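Enquirer: To start, I am sharing the structure in question, which I have written as structure tokens.
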Amino acid sequence: MHLADEILLQILEHFSISFPEYKPSWENVPFPEELVTLARLCRSSRRLRGLAEPILYHAIPYDSKNRRLLWRTLVERPDLRALVKSIHLDSELPPNELTSLLEAARPSLDISEDLAEQLFADLRLGQDRKNQVEENESEDEDEDGEENEQYYRTRHVELQFAMLLLPKLDLVELASYYDLGPFMYDLFGSLRAGADTKAGCAPHLASLREVRIRNKLQEERLGLRPAGILALSHIQSLQAQQVYWNFHDIDRKYPGAYLSVRSIDLSDSICNGPALSDMLSRCPELRELRIEWGLSFDDWEDELDFGSIGDALRRHGQRLEWLNLDCREAYPYGYSDDDLGSIGSLRALVNLKRLTLTHDMLIGRDWDDFDIDEDTLRAETFRLSELLPVSLEELHFYSCQGDEEQLDDQLYDLIAPGGKHMGSLRKVIMEGRETNFGRQIFEFGWVAYKINANVVLEKDGKLIMT
Numbered sequence: 019m020h021l022a023d024e025i026l027l028q029i030l031e032h033f034s035i036s037f038p039e040y041k042p043s044w045e046n047v048p049f050p051e052e053l054v055t056l057a058r059l060c061r062s063s064r065r066l067r068g069l070a071e072p073i074l075y076h077a078i079p080y081d082s083k084n085r086r087l088l089w090r091t092l093v094e095r096p097d098l099r100a101l102v103k104s105i106h107l108d109s110e111l112p113p114n115e116l117t118s119l120l121e122a123a124r125p126s127l128d129i130s131e132d133l134a135e136q137l138f139a140d141l142r143l144g145q146d147r148k149n150q151v152e153e154n155e156s157e158d159e160d161e162d163g164e165e166n167e168q169y170y171r172t173r174h175v176e177l178q179f180a181m182l183l184l185p186k187l188d189l190v191e192l193a194s195y196y197d198l199g200p201f202m203y204d205l206f207g208s209l210r211a212g213a214d215t216k217a218g219c220a221p222h223l224a225s226l227r228e229v230r231i232r233n234k235l236q237e238e239r240l241g242l243r244p245a246g247i248l249a250l251s252h253i254q255s256l257q258a259q260q261v262y263w264n265f266h267d268i269d270r271k272y273p274g275a276y277l278s279v280r281s282i283d284l285s286d287s288i289c290n291g292p293a294l295s296d297m298l299s300r301c302p303e304l305r306e307l308r309i310e311w312g313l314s315f316d317d318w319e320d321e322l323d324f325g326s327i328g329d330a331l332r333r334h335g336q337r338l339e340w341l342n343l344d345c346r347e348a349y350p351y352g353y354s355d356d357d358l359g360s361i362g363s364l365r366a367l368v369n370l371k372r373l374t375l376t377h378d379m380l381i382g383r384d385w386d387d388f389d390i391d392e393d394t395l396r397a398e399t400f401r402l403s404e405l406l407p408v409s410l411e412e413l414h415f416y417s418c419q420g421d422e423e424q425l426d427d428q429l430y431d432l433i434a435p436g437g438k439h440m441g442s443l444r445k446v447i448m449e450g451r452e453t454n455f456g457r458q459i460f461e462f463g464w465v466a467y468k469i470n471a472n473v474v475l476e477k478d479g480k481l482i483m484t
């Protein structure tokens, strides 16, 4: 039976993959069987190869076993390069192999001679260092800092080579063993400079919209700066793991630097008030922000002050529509009785629609939960109606504290017509609740139900029996 190409294509598309969500470590994810099947079909017939190759090369996940074959194939077949829309990049090919690949691809790479020579120089340095390490059988841990930085610079040549080779990338996931600083920034600075003098340099990475960064360092976080790949005007989304916003000396090194990103998602990361203020001020188009704090590795990172975070949001976060602040793993939150203050009022965030955070991060810690002298208790307790913007549609508490009955009264005031009513509010989620919601809200078109330890209030929703 002979199937039409349209039918075969519909069948083959069931084997396609994408990068729908951030994977902190692709090394622990088996290579997709879908791609193995597509590769076999490509080898079975010329007809199937023509149909399957666009699907096979659309999204390329981490694959240490076939790395060499992948690059060799892409170098030899320029027609396949434009098919790659998403790729996970690591730094693992030896410098001598990368040199051979770069030499073979050089005629088809529309880059300046200066940039090409810089890449070759980095690879020569990397090979010399590799030979030195092999001769000494171990690396000198007391080596000069500048020499060490030059060595790590060579470990990112594969990343640079890949992004020069693949002109239609929409999403790139980078694994970094070292700060993405000067060497990655040099690459994009060279491309922008080359665009002024050499026709064809500007289109490099013009399709790139999303950048994901995975930290491969041990017990050290990567510093992000408003430069390099992040400063490309068409980058819309940044996801990163184990990073911090390096706001020190930014004005001196990158004066007037701004990013065009609309979404930032930081996992297991560090961000204090001054860093958040600088980041928000340099991302005027930011609409979605998620920060999941992790345990700090250095003392200076322990400066977690909810009050300064609130100041940063009120000063620079007016355009935010979605805000998710997860401090549950941060130090000293959850590890001491320190008063970290509260974010305070977010009413200045007039476009905010979804807010997710812990209850006490918003209103301040309820010291009645602790065995503390009465003089230490907070003199003022904020009410939700004083803190939440009227534009809010969904409120999600990672945890609730204090008197749940008092919290229910405050939420009732937001839901019930009149008084502190918030007309845009459609959903409230409270994690870690011991009791059900204690007020009647059905007459207002709301339902309340409990799923596991979560209490959900929903307007025009369906009652879920548990």
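Numbering (the numbering used here), first residue to last: 19 to 484.
From the three backbone atoms N, C-alpha and C, an ideal C-beta is built for every residue, glycine too.
Fair warning: this is a prediction, and the values are worked out from it, not measured in the lab.
Alpha carbon to alpha carbon, how far is D146 from E191?
Expert: Taking the sequence shown and counting its residues from 1, the one referred to as residue 146 is at position 128. Taking the sequence shown and counting its residues from 1, the one referred to as residue 191 is at position 173. Computed Cα separation, rounded: 28 angstroms.
Enquirer: Report buried or exposed for Q424, applying the criterion of at least 16 other Cβ atoms within 10 angstroms of its Cβ.
Expert: If you number the sequence shown from 1, residue 424 lands on position 406. Looking at its Cβ environment, which holds fewer than 16 other Cβ atoms inside 10 Å, Q424 is exposed.
Enquirer: Return the CA-CA distance between K216 and D132, expressed in angstroms with no decimal places.
Expert: Residue 216 sits at position 198 when you count from the first residue of the sequence shown. Residue 132 sits at position 114 when you count from the first residue of the sequence shown. In this predicted model, K216 has a pLDDT of only 42, less than 50, meaning its place in the structure is not dependable; the value taken from the coordinates is given anyway. C-alpha separation (whole angstroms): 12 angstroms.
Enquirer: In angstroms with no decimal places, state the Cα-to-Cα distance between S126 and V261.
Expert: In the sequence shown, residue 126 corresponds to position 108, counting from 1. In the sequence shown, residue 261 corresponds to position 243, counting from 1. Near 35 angstroms, if we compare the C-alpha coordinates of V261 and S126.
Enquirer: With distance defined between alpha-carbon atoms, name the residue in L380, F400 and Y430 nearest to H414.
Expert: To locate residue 414, count along the sequence shown from 1; it is residue 396. Checking every option, the nearest Cα to that of H414 belongs to L380.
Enquirer: Is T117 helix, strand or coil by DSSP?
Expert: The sequence position of residue 117 within the sequence shown is 99, counting from 1. The answer is helix: DSSP assigns T117 an H, G or I state.
Enquirer: Which residue wins for smallest C-alpha separation from E51, given the options L66, S34 and C60?
Expert: The residue labelled residue 51 in the question sits at position 33 within the sequence shown. Residue S34 is the option with its Cα nearest to E51.
Enquirer: Under the rule that 16 or more other beta-carbon atoms within 10 Å means buried, what is T91, buried or exposed?
Expert: Mapped onto the sequence shown, residue 91 falls at position 73. T91 is exposed by the Cβ-count criterion.
Enquirer: Please list, in chain order, all residues of the same chain as S43 whose beta carbon is under 8 angstroms from its beta carbon, the five residues on each side excluded.
Expert: If you number the sequence shown from 1, residue 43 lands on position 25. A caution first: S43 carries a pLDDT of 49, below 50, which makes its placement in the model unreliable, though a value can still be read off. Contacts found: R232.
Enquirer: Is the Cβ-Cβ distance between L119 and V93 less than 8 angstroms?
Expert: As a first step, residue 119 is located in the sequence shown; it is residue number 101 there, counting from the start. As a first step, residue 93 is located in the sequence shown; it is residue number 75 there, counting from the start. Closer than 8 angstroms, so yes.
Enquirer: Would you grab the beta carbon distance between E71 and L111 for me? Rounded to a whole angstrom, and I think it's under 8 angstroms.
Expert: Start at 1 with the first residue of the sequence shown, and residue 71 comes out as number 53. Start at 1 with the first residue of the sequence shown, and residue 111 comes out as number 93. With 8 angstroms as the limit, E71 and L111 do not qualify as a contact, their Cβ atoms being about 23 angstroms apart.
Enquirer: Could you give the first and the last residue of the continuous beta strand (DSSP E) run that contains A180?
Expert: On the sequence shown, position 162 is the one that residue 180 refers to. No beta strand (DSSP E) holds A180; the alpha helix (DSSP H) holding it covers V175 to L183.
Enquirer: Quick one: measure Cβ to Cβ for D296 and W263, integer angstroms, because I've assumed they're closer than 8 angstroms.
Expert: Here residue 296 is taken as the residue at index 278 of the sequence shown, counted from 1. Here residue 263 is taken as the residue at index 245 of the sequence shown, counted from 1. About 7 angstroms; that satisfies the 8 angstroms criterion.
Enquirer: Would you say S417 and E452 are within 8 angstroms of each other, going by their C-beta atoms?
Expert: Translated into positions along the sequence shown, residue 417 becomes position 399. Translated into positions along the sequence shown, residue 452 becomes position 434. Result no, Cβ atoms of S417 and E452 do not sit closer than 8 angstroms.
Enquirer: Please go through the same chain and pick out, in chain order, the residues whose beta-carbon is closer than 8 angstroms to the beta-carbon of K371, but skip the five residues on each side of it.
Expert: Mapped onto the sequence shown, residue 371 falls at position 353. Closer than 8 angstroms at Cβ, skipping near neighbours: E339, W340, S409, L410, E411, E412 and S442.
Enquirer: Going by beta-carbon coordinates alone, are K148 and A193 separated by less than 8 angstroms?
Expert: Here residue 148 corresponds to residue number 130 of the sequence shown, with the count starting at 1. Here residue 193 corresponds to residue number 175 of the sequence shown, with the count starting at 1. No. Outside cutoff.
Enquirer: Can you tell me whether H377 is buried or exposed? The criterion is at least 16 other CB atoms within 10 Å of its CB, across all chains shown.
Expert: If you number the sequence shown from 1, residue 377 lands on position 359. The residue is buried, with at least 16 neighbouring Cβ atoms inside 10 Å.
Enquirer: Look up V261 in the DSSP assignment and say whether it is helix, strand or coil.
Expert: The count along the sequence shown starts at 1 and reaches residue 261 at position 243. If DSSP states are grouped into helix, strand and coil, V261 belongs with the strands.
Enquirer: With 16 as the cutoff for other CB atoms within 10 Å, does L432 come out buried or exposed?
Expert: Translated into positions along the sequence shown, residue 432 becomes position 414. So L432 ends up on the buried side.
Enquirer: So what does DSSP say about N472, is it helix, strand or coil?
Expert: In the sequence shown, counting from the first residue as 1, residue 472 sits at position 454. Of the three classes helix, strand and coil, the one that applies to N472 here is strand, per DSSP.
Enquirer: Alpha carbon to alpha carbon, how far is Y276 from R346? Give it in angstroms, no decimals.
Expert: To locate residue 346, count along the sequence shown from 1; it is residue 328. To locate residue 276, count along the sequence shown from 1; it is residue 258. Looking at the two C-alpha atoms, the distance is approximately 30 angstroms.
Enquirer: Quick check on the DSSP output: the beta strand (DSSP E) that includes D344 runs from which residue to which?
Expert: Numbered from 1 along the sequence shown, position 326 holds the residue referred to as residue 344. Here the beta strand (DSSP E) through D344 covers W340 to D344.
Enquirer: Out of L331, R401 and D286, state which residue places its alpha-carbon closest to the alpha-carbon of P292.
Expert: Along the sequence shown, one-based indexing puts residue 292 at 274. Answer by Cα proximity: L331.
Enquirer: Going by DSSP, name the residue or residues bridged to H106.
Expert: For the purposes of this step, residue 106 is taken as the residue at position 88 of the sequence shown. Its beta-bridge partners are E191.
Enquirer: Would you list the residues sitting across from G241 in a DSSP beta bridge?
Expert: Taking the sequence shown and counting its residues from 1, the one referred to as residue 241 is at position 223. DSSP lists Y262 as partners of G241.
Enquirer: Alpha carbon to alpha carbon, what distance is there between A245 and Y272?
Expert: Here residue 272 corresponds to residue number 254 of the sequence shown, with the count starting at 1. Here residue 245 corresponds to residue number 227 of the sequence shown, with the count starting at 1. Each residue's Cα considered, the two are about 7 angstroms apart.
Enquirer: Please list, in chain order, all residues of the same chain as D391 whose beta carbon is under 8 angstroms from its beta carbon, the five residues on each side excluded.
Expert: As a position in the sequence shown, residue 391 is number 373, starting the count at 1. Confidence at D391 is low in this model, with a pLDDT of 48, below 50, so its placement is unreliable and the value that follows should be read with caution. Closer than 8 angstroms at Cβ, skipping near neighbours: no residue.
Enquirer: For N290, is the classification buried or exposed, using 16 other Cβ atoms within 10 angstroms of its Cβ as the cut-off for buried?
Expert: Locating residue 290 in the sequence shown gives position 272, where the first residue counts as 1. Burial call: buried.
Enquirer: Per DSSP, F415 forms a beta bridge with which residues?
Expert: One-based indexing of the sequence shown puts residue 415 at position 397. L375 and M448, per the DSSP bridge assignment.
Enquirer: Considering only residues of the same chain and omitting the five flanking positions on each side of L343, which have a CB-CB separation below 6 angstroms?
Expert: Locating residue 343 in the sequence shown gives position 325, where the first residue counts as 1. Closer than 6 angstroms at Cβ, skipping near neighbours: I309 and L375.
Enquirer: Only counting the same chain, and skipping five residues up and downstream in sequence, which positions put a Cβ closer than 6 angstroms to that of R227?
Expert: The sequence position of residue 227 within the sequence shown is 209, counting from 1. These residues qualify, in order along the chain: D188 and Q254.
Enquirer: In whole angstroms, give me the CA-to-CA distance for L475 and I447.
Expert: As a position in the sequence shown, residue 475 is number 457, starting the count at 1. As a position in the sequence shown, residue 447 is number 429, starting the count at 1. For L475 and I447, the distance between alpha carbons rounds to 6 angstroms.
Enquirer: With DSSP as the reference, please indicate the residues paired to L284 in a beta bridge.
Expert: Numbered from its first residue, the sequence shown carries residue 284 at position 266. Looking at the DSSP assignment, L284 forms a beta bridge with A258 and I309.
Enquirer: Just grab the DSSP bridge partners of Y489 for me.
Expert: Residue 489 lies beyond the stretch modelled for the chain, which goes from 19 to 484, so this question has no answer here.
Enquirer: Taking C-alpha atoms, which residue in L182, L98, R270 and E306 lies nearest to R280?
Expert: Along the sequence shown, one-based indexing puts residue 280 at 262. Here the closest residue by C-alpha is E306.
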